[in-house]
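Reviewing the structure listed below.
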Amino acid sequence: MVNSTFSQQMLSRLGICLAAAALCLPASGSMAAMTAWAENEGGRMRVVALPPTADGTVRGALQIEPKSGWITYWKEPGQAGIPPKITLTSADGASITEIGFPIPKQFTVGDVRDIGYDHPVALPFTLKLAAPDKPTTLRASAFIGLCRNICIPFQADFRLELSAAGPLPYQENLILDEAIRHLPEKPSADFAVTAYTLSDDRQNLSLSLKLPDETAVPQIFVAGPEGHVLLDQTNEKRSGDRYIVEMPVGKLPKNYDPHGKRWDILVVSGGRAMETSLAFE
Numbered sequence: 008m009v010n011s012t013f014s015q016q017m018l019s020r021l022g023i024c025l026a027a028a029a030l031c032l033p034a035s036g037s038m039a040a041m042t043a044w045a046e047n048e049g050g051r052m053r054v055v056a057l058p059p060t061a062d063g064t065v066r067g068a069l070q071i072e073p074k075s076g077w078i079t080y081w082k083e084p085g086q087a088g089i090p091p092k093i094t095l096t097s098a099d100g101a102s103i104t105e106i107g108f109p110i111p112k113q114f115t116v117g118d119v120r121d122i123g124y125d126h127p128v129a130l131p132f133t134l135k136l137a138a139p140d141k142p143t144t145l146r147a148s149a150f151i152g153l154c155r156n157i158c159i160p161f162q163a164d165f166r167l168e169l170s171a172a173g174p175l176p177y178q179e180n181l182i183l184d185e186a187i188r189h190l191p192e193k194p195s196a197d198f199a200v201t202a203y204t205l206s207d208d209r210q211n212l213s214l215s216l217k218l219p220d221e222t223a224v225p226q227i228f229v230a231g232p233e234g235h236v237l238l239d240q241t242n243e244k245r246s247g248d249r250y251i252v253e254m255p256v257g258k259l260p261k262n263y264d265p266h267g268k269r270w271d272i273l274v275v276s277g278g279r280a281m282e283t284s285l286a287f288e
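Numbered by the numbering used here, the letters in the sequence shown go through residues 8 to 288 in order.
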């Protein structure tokens, strides 16, 4: 016969263990989603998403962590590299409405200049659900480049279960808030593009900027047609907080017509960064 005191002690310990285990298990009502990491030689990535709001808006992020010595890329990678892409393969009528890119760095290796990140980065995105009141399975495919001595394409498929019910998740909110904190600011009264013109022969982009720092030389990245980025500055002129500059466009794609198109511009000056778009009528 088993000693009754021993049995009570074992049951008590079992109860403590079960209680501790319950604290470690995910709550069934937690409706945010965080996938497992997908990994390759140069780093890893995963997808995080919050529950949909009443109008079907879902905030999420693609987290990318390059290994030490590796880089991943901005929306336009520069003169080499692979820009990140996020594709929804199936999500019950969902569509991505916006993807944000934190402030990148410029890397120069020999004659090649790249634009990207050599540290963990999260690309926040927003998507819309057609039926936000129903549980949704989000299937997303992410394709990025990781580069060291060579560039390695990295693709992974992710699946997330989303629902509007349940408490507001803590860890996912922290990740997304941190991602948004690293995005460039919008144009403002003291930091903006005040004028821009593309020359008739489309060989030069003329810019007039208002800068928050009257002494620093700004970094300017212009993302033109896909695969085309402007980096060089010529004929710089400064007058107080006004900065006038030309950027050689280089060879555009054959038969490319800029009319009706938008180019993104990122300006980094005095510890601040501003992003907007240039619309060509």
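By construction, the Cβ of each residue, glycine as well, lies at the ideal position given by its N, Cα and C atoms.
Are residue i and residue j close, meaning C-beta to C-beta below 8 Å?
i	j	result
Ile151	Phe165	no
Thr64	Gly123	no
Pro260	Pro225	no
Gln70	Ile187	no
Glu105	Thr60	no
Asp121	Pro90	no
Leu190	Gly278	no
Lys217	Arg269	no
Lys141	Ala101	no
Put residue i into one of helix, strand or coil per three-state DSSP.
i	result
Tyr124	strand
Tyr250	strand
Glu233	coil
Asp271	strand
Cys24	At Cys24 the pLDDT is 33, less than 50, meaning the model places this residue with poor confidence and gives no usable figure here.
Ala186	helix
Tyr203	strand
Asn47	strand
Leu18	Because the pLDDT of Leu18 is 33, which lies under 50, any placement of that residue in the model is unreliable, and the question is left without a value.
Tyr80	strand
Asn211	strand
Ala216	The sequence shown places Leu at residue 216, not Ala. Note: Leu216 maps to strand in three-state DSSP.
Could you check which residue in the options has the C-alpha nearest to that of residue i?
i	options	result
Trp44	Thr204, Ala163, Asn180	Ala163
Asp311	Ala138, Leu134, Pro91, Ala87	Here the chain comprises residues numbered 8 to 288, so residue 311 is not present and cannot be evaluated.
Asp184	Tyr203, Phe287, Leu130, Arg51	Leu130
Asp239	Glu282, Tyr263, Ser213	Ser213
Trp81	Asn262, Gly234, Arg279	Gly234
Lys74	Leu57, Ser102, Thr42, His126	His126
Ala138	Leu153, Glu179, Leu169	Leu169
According to DSSP, which residues form a beta bridge with residue i?
i	result
Ser148	Thr94, Asp164
Gly67	Ala56, Phe132
Glu72	Arg51
Leu287	Just to set this straight, residue 287 is Phe in the shown sequence, not Leu. DSSP output for Phe287 lists no bridge partner at all.
Stretch pair the segment 109-126 + the segment 141-149: three plus CB contacts closer than 8 Å: Fewer than three Cβ pairs drawn from the segment 109-126 and the segment 141-149 lie within less than 8 Å of each other, which leaves the two stretches out of contact.
Taking 8 Å as the cut-off, does the segment 181-200 touch the segment 253-271 (at least 3 CB pairs, one atom from each stretch)? Contact fails: fewer than three Cβ-Cβ distances are below 8 Å.
Between the segment 204-212 and the segment 80-99, do at least 3 Cβ pairs fall closer than 8 Å? Using a Cβ-Cβ distance cut-off of 8 Å, the segment 204-212 and the segment 80-99 are not in contact, since fewer than three pairs of beta carbons, one from each stretch, lie closer than that value.
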